[in-house]
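Right, one structure below, let's go through it.
Residue numbers (the numbering used here): 74 to 608.
This is the structure we're talking about:
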């Protein structure tokens, strides 16, 4: 396939599409609420109303407002229907003919939507993820063509570097710098890996992107492979994501059929093969070297660094590892230019970030916001605040992050600002807690998770997480004294400073942040006086 053939596919698809498209969310969350039956009932209603010539029902990915799902959108009328049921679905089609609908009509101008800036999620909820033609019709794979025929690999790396994109997997390492490191390594064999091992409690950003727009990730990986000199890629997905795996495999097969993956991509000399590897759900495999061991068929345990994967990774070859959201930004940067992307966000944190907004919040779901937006704007305006009571804290970064108190909600969301508060960006989990929440029990919950997920390779993490959990349980049971609290703080610092990988190094963060901002709750339990917060 060449550029003209790609554009012809896009034009043919646009001509095929009906003037009215009824988008029905078929992501995992909405499927759990019977959205597949809703989709069938919508299609049946279109047929019975004899509207097949002008109306089509399209199963799409996540629309974001998960707490109001299942969602159905009518385009181009910009009508969003919330909490649709199989029984009420037909009335949406009836309304197209002037009838009445019994379904609640949402507000597309709601702050939940109006504060968002969509780059990664630009096509999510708008296109059928199972049809490559729909992705091509919205400009898909044109960035890959531009990279192959209008840019050298070095120019691609330079463009990503100038954009200021930082890795969206947690640490925020500059993406361009990582690409440049892999590109300059000697050797014919290099690999590109997409880390889709999303394991934070309450996080579902990567899963949603893969389910909604799998070709966007594949295109980003292909551009990365061209830039660093790789010809083979792996997408490492946890087994708990069956829908994402299914849609990814379909996307890979379609891309091969269209000549956009495999040998001589776009009739060029560039070859790129992609395989899926399914993980067993170990949280530690989110760490780069543990992930590589798992792909190689070994036990998912980390190793000491250096050498870093960029120098010696999969099978001892230079390996580029980025997560789903990082790759999903690439096509837009190549299409629009580095300056465009760098103009979004803050001086040190460029672009947008996807968050899974969950917990005690009125409006929960998936949001994509510009870096630098404040926690207050996210929680109180987009999220609508807590249903009852007051916001007490916001947990960012999952088990690796910290709990930020309500009085610091005006903090901008960027890498440095969150780190100063003892938290982190992480992959994008954001859990809101109200004033009925015990912060000591929150710390215990995350420590129990880290204890269970520790691979056991290094002693500080293997035994330290157990001891920290036991001390927290002792405090909650009212059996601890001030010396136990001192031991807990000392243990947190020891585990943080001596663990082998990021799991152990960050496991104490929820404890340290709750001790910093909510120490009175710990002290109240030590004094054996029942604290009013016990939920």
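Beta carbons are placed, not taken as given, at the ideal position from N, Cα and C, and that holds for glycine. The structure presented is a predicted model; accordingly, all values stated were derived computationally and were not measured.
Buried or exposed (CB count within 10 angstroms, at least 16 for buried), residue i
i	result
residue 438	buried
residue 178	exposed
residue 330	exposed
residue 214	buried
residue 151	exposed
residue 228	exposed
residue 501	buried
residue 378	exposed
residue 493	exposed
residue 218	buried
residue 173	exposed
residue 307	buried
residue 123	exposed
residue 366	buried
residue 595	buried
residue 325	buried
residue 480	exposed
residue 210	buried
residue 582	buried
residue 314	buried
residue 360	buried
residue 572	buried
residue 529	exposed
residue 591	buried
residue 112	buried
N- and C-terminal bounds of the alpha helix (DSSP H) containing residue i
i	result
residue 321	315-330
residue 412	411-415
residue 218	215-223
residue 366	361-368
residue 249	248-256
residue 523	512-526
residue 134	No alpha helix (DSSP H) holds residue 134; DSSP gives it neither H nor E.
residue 153	No alpha helix (DSSP H) holds residue 153; the beta strand (DSSP E) holding it covers 152-155.
residue 114	108-121
residue 269	First-last for residue 269: 264-269, but that is the beta strand (DSSP E), not the alpha helix (DSSP H).
residue 183	That residue, residue 183, is in no alpha helix (DSSP H); it is neither H nor E in DSSP.
residue 209	205-210
residue 571	555-571
residue 582	582-590
First and last residue of the uninterrupted beta strand (DSSP E) at residue i
i	result
residue 438	438-443
residue 146	145-148
residue 428	425-432
residue 305	305-311
residue 346	346-352
residue 654	Because residue 654 is not part of the residues shown, which for the chain are 74 to 608, the question remains open.
residue 393	392-396
Integer-rounded CB distance, given that residue j should sit under 8 Å from residue i
i	j	result
residue 506	residue 466	5 Å
residue 267	residue 402	That belief does not hold up - the Cβ atoms of residue 267 and residue 402 are roughly 13 Å apart, past 8 Å.
residue 309	residue 270	6 Å
residue 473	residue 341	Contact flag wrong, Cβ pair sits at about 40 Å.
residue 575	residue 504	Contact flag wrong, Cβ pair sits at about 20 Å.
residue 101	residue 291	Not a contact, Cβ separation roughly 20 Å.
residue 106	residue 143	5 Å
Stretch-stretch touch, CB-based, cutoff 8 Å, three pairs: the region 174-193 with the region 450-463: yes
Complete beta strand (DSSP E) runs within the region 466-502 (minimum length 3 residues, chain order): 475-478
contact_flag[the region 521-540, the region 433-452] where n(CB pairs < 8 Å) is 3 or more: no
The region 158-166 in contact with the region 116-126 per 3-pair CB rule at 8 Å: yes
At least three beta-carbon pairs within less than 8 Å, the region 286-296 to the region 190-207: yes
Segment contact flag, the region 250-267 with the region 81-88, C-beta cutoff 8 Å, min 3 pairs: no
Touching by the beta-carbon criterion (3+ pairs, under 8 Å), the region 566-584 and the region 546-554: no
Contact between the region 372-385 and the region 345-361 (3+ Cβ pairs under 8 Å): yes
At least three beta-carbon pairs within less than 8 Å, the region 382-399 to the region 467-483: no
Cβ pair count under 8 Å reaching 3, the region 225-243 against the region 414-430: yes
Segment contact, 8 Å Cβ cut-off, at least three pairs: the region 92-110 with the region 127-141: yes
Segment contact flag, the region 583-594 with the region 473-489, C-beta cutoff 8 Å, min 3 pairs: yes
The region 271-278 / the region 200-209 touching (three or more Cβ pairs under 8 Å): no
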